[in-house]
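Colleague: Counting in our numbering, the sequence shown runs from 13 upward without gaps.
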Amino acid sequence: MANSNLPRRIIKETQRLLSEPAPGISASPSEDNMRYFNVMILGPTQSPYEGGVFKLELFLPEEYPMAAPKVRFLTKIYHPNIDKLGRICLDILKDKWSPALGIRTVLLRYICLSSFTLVDVYLKRPIHFLKKCSKHQSAFQYQPVHGFYKM
Numbered sequence: 013m014a015n016s017n018l019p020r021r022i023i024k025e026t027q028r029l030l031s032e033p034a035p036g037i038s039a040s041p042s043e044d045n046m047r048y049f050n051v052m053i054l055g056p057t058q059s060p061y062e063g064g065v066f067k068l069e070l071f072l073p074e075e076y077p078m079a080a081p082k083v084r085f086l087t088k089i090y091h092p093n094i095d096k097l098g099r100i101c102l103d104i105l106k107d108k109w110s111p112a113l114g115i116r117t118v119l120l121r122y123i124c125l126s127s128f129t130l131v132d133v134y135l136k137r138p139i140h141f142l143k144k145c146s147k148h149q150s151a152f153q154y155q156p157v158h159g160f161y162k163m
């Protein structure tokens, strides 16, 4: 992980992600670009995504930590806060971003987003919601890879 061009903060955050992974999250920097992370998130328990494994990409712009990371789902997912390109509508990635936040916080917020924002959508139209979810999930075959799943 030696890259002398990286700010010390990115190096420290990366080391922490690797040595103390957050529950349900696997994040590792690309060998080619230490600002680009390959991320896998387990679907939160007791959510419509339970049992799923979702691949994301996270990129730290040159302005980081003054600017928010760029994050998007690579795995197709049906969620009211995620568009067709996998971009997430999350306040801390926009107007609520603060340099006090970090990569780990952003990834943990994704798990929270998956767990809690679906309640209203699910309760209002449960059959429609579950059909949409299963349509997206059927596009993937889950195969175990290092304790996670490969799409």
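A virtual CB, placed ideally from N, CA and C, is assigned to each residue, including glycine.
Owing to the predicted nature of the structure, the values given are computational and were not obtained by experimental measurement.
Please report the distance separating the alpha-carbon of residue 124 from that of residue 17.
Modeller: Stepping through the sequence shown from its first residue, residue 124 is reached at position 112. Stepping through the sequence shown from its first residue, residue 17 is reached at position 5. Their backbone Cα atoms lie some 33 Å apart in a straight line.
Colleague: Within 10 Å of its beta-carbon, does residue 63 have 16 or more other beta-carbons around it, so buried, or fewer, so exposed?
Modeller: As a position in the sequence shown, residue 63 is number 51, starting the count at 1. Exposed, by the Cβ-count rule.
Colleague: Suppose you measure from the CA of residue 36 to the CA of residue 56; what does that come to, to the nearest Å?
Modeller: Counting from one through the sequence shown, the residue named residue 36 turns up at place 24. Counting from one through the sequence shown, the residue named residue 56 turns up at place 44. So the alpha carbons of these two residues sit roughly 8 Å apart.
Colleague: Can you give me the Cβ contacts of residue 157 inside the same chain, cut-off strictly under 7 Å, excluding the 5 residues immediately before and after it?
Modeller: Locating residue 157 in the sequence shown gives position 145, where the first residue counts as 1. Residue placement at residue 157 is poorly supported in this model, since its pLDDT is 40, which falls under 50; the coordinates still yield a value, given next. If we look at residue 157 and ignore the five residues flanking it on each side, it has no Cβ neighbours.
Colleague: Taking C-alpha atoms, which residue in 75, 101, 68 and 79 lies nearest to residue 86?
Modeller: The residue you call residue 86 lines up with position 74 of the sequence shown. Residue 68 is the option with its Cα nearest to residue 86.
Colleague: Does the structure place the stretch 41–49 close enough to the stretch 66–81 that three or more beta carbon pairs sit under 8 Å?
Modeller: As far as the Cβ criterion goes, the stretch 66–81 touches the stretch 41–49, which means the pair count is three or higher.
Colleague: Do the CB positions of residue 93 and residue 100 come within less than 8 Å of each other?
Modeller: As a first step, residue 93 must be located in the sequence shown, where it is residue number 81. As a first step, residue 100 must be located in the sequence shown, where it is residue number 88. Yes, the pair counts as a contact, with Cβ atoms nearer than the cut-off.
Colleague: Taking C-beta to C-beta, are residue 115 and residue 25 nearer than 8 Å?
Modeller: Looking up residue 115 in the sequence shown gives position 103. Looking up residue 25 in the sequence shown gives position 13. The answer is yes: Cβ separation under 8 Å.
Colleague: What three-state label does DSSP hand residue 24 in the structure shown?
Modeller: Your numbering for residue 24 matches position 12 in the sequence shown. DSSP places residue 24 in helix when its eight states are reduced to three.
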